[in-house]
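See structure below.
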Amino acid sequence: MVTFNLDNITRQAIGFDNLFNSMLSDNVGDIGYPPYNLIKEGEDTYLLQFALAGFKDRELDVQVKENKLTIDKEYFKIEPKMANAIDIKDLSFKYFNSDVYIFENFSLSIEKNKHTVITGPNGSGKSTLLGLIAKVFYPQVGNISSFTDKVGYVGVTPLILNGSLRDNFLYGNKEIKSDEELITLMNTFQLFNNGNTDLDYKVDNKTLSSGQMQKVAFIRSLVADVELLLLDESTSNLDLDSRKLIFDILQNRGITIINSTHSHEDFSYDKHLRIYLKENKRLIFIKKNIL
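With this note's numbering, letter number 42 in the sequence shown gets 124, and the count goes up by one each step, no holes.
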């Protein structure tokens, strides 16, 4: 077995499910990606394991065993009193078994209590940037500082438990929340058109629509009182009215949002970070852009 130590990824952050999938897919390249398990090691520590038997090439088995990643834990710091939400300094990152750097000598600051959208062509590094901020990816060099460790993530296909709505809302939550609070959020997000507020209602990824799954993930993040919300095409399965509703809710909460999206024209935001690709180099421009 090969073990990836995802330190400080709490149960709430296991909502980073498709970032985990992305990490595995990118790391093992064109050989497909093997089965994996998330194993709890400590209160706030999880291990991501996958079987080397899933690899097709024995030489690659040996290569993966020999190429162990040594991580300087000091590269990522939580500094509650820092001025910005995120500060990235002199960071370089490339995927396992690749000679091409996605980011090289990269520095960036993202403002606190603002909604920053990230746009760019496919393969430009939008999701990779979110993964670095979420500590799902580790840079080869460089430092990242964040004002909080209370981080939520909503992607295209959020994690849905086979269980009750209550189970799904409270998954990973360390705060005490009443049923009344959960029902209020259900109604605020207009989760069901029929007005269903039964928290014991059983759901899974087949009984909910893709849009409802995204709404459940948003509710889960608010229940956990996250201070930083990372979004990756998080409203791609929702209609325009639902998108506006959700971002109005988030704006009223004063949450710092970093939002990778192709549909930034559909809602208001504060800053626009645009990634351009030119000769395999990434050019990043940031501008104020409120609709």
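Ideal Cβ positions, reconstructed from N, Cα and C, are used throughout, including at glycine.
This structure is a prediction, so every number in the text was calculated from the model and none was measured.
For F251, the uninterrupted alpha helix (DSSP H) segment begins and ends at L247 to L252. Less than 8 Å divides the Cβ of L311 from the Cβ of L332. Distances from the alpha-carbon of G202 to those of G336, I339 and D314 put D314 closest.
Counting only the Cα atoms, R302 lies some 14 Å from G245. Counting of Cβ neighbours within 10 angstroms places P162 among the exposed residues, the total staying below 16. DSSP places G224 inside the beta strand (DSSP E), whose first and last residues are V223 to S228. Of the candidates D261, T289, E263 and E262, T289 places its Cα closest to the Cα of F274. Annotated as distal: T343 and V238, with beta-carbon spacing of 8 Å or more. Of the residues K353, K297, F188 and S206, the one whose Cα lies closest to the Cα of I242 is K297. Setting aside the 5 residues that flank it on each side, E156 has no residue in the same chain whose C-beta is closer than 6 Å to its C-beta.
Ranked by Cα distance from I170, the first of I184, D280, L264 and S228 is S228.
When DSSP states are grouped into helix, strand and coil, L267 belongs to the helix group.
Looking from the CA of F271, the closest CA among S350, Y220, E186 and F300 belongs to F300. In the three-state DSSP reduction, E156 falls in the helix class (H, G or I). Counting along the chain, no beta strand (DSSP E) covers G213; the unbroken alpha helix (DSSP H) around it starts and ends at K208 to I215. If you look at N341, you'll find it in the beta strand (DSSP E) that goes T338 to S342. Taking C-alpha positions only, L281 is separated from Y183 by approximately 46 Å. Pairing L252 with V305 gives a Cβ-Cβ distance under 8 Å. Excluding sequence positions up to five before and after R325, its CB lies within less than 8 Å of the CB of T317, S345, D348 and F349, all in the same chain and listed in chain order. T230 sits away from F219, with the two beta carbons spaced by 8 Å or more. Close CB contacts of N250 within its chain, under the 8 Å cut and outside five residues either way in sequence, are with I242, L243, V285, V298 and R302 (chain order). The continuous stretches of alpha helix (DSSP H) do not include L312, which lies in the beta strand (DSSP E) extending over residues L310 to D314.
Judged by DSSP in its simplified three-state form, V199 adopts strand. Here DSSP, grouped into helix, strand and coil, assigns V238 to coil. Judged by beta-carbon spacing, K208 lies beyond the 8 Å limit of I339, meaning their Cβ atoms are not closer than that value.
Pairing V308 with G234 gives a Cβ-Cβ distance under 8 Å. With respect to the C-alpha of E186, the residue from L173, V236 and N287 having the closest C-alpha is L173. Looking only at K176, K259 and K196, the smallest Cα-Cα distance to G205 is reached by K176.
Sequence-distant Cβ neighbours of G293 in its own chain, meaning closer than 6 Å and more than five residues away, are N319 and L320. Residue burial is scored here from C-beta neighbours: A165 has fewer than 16 other C-beta atoms within 10 angstroms and is therefore classed as exposed.
Of the other Cβ atoms in all chains shown, fewer than 16 fall within 10 Å of the Cβ of K256; this residue is therefore exposed.
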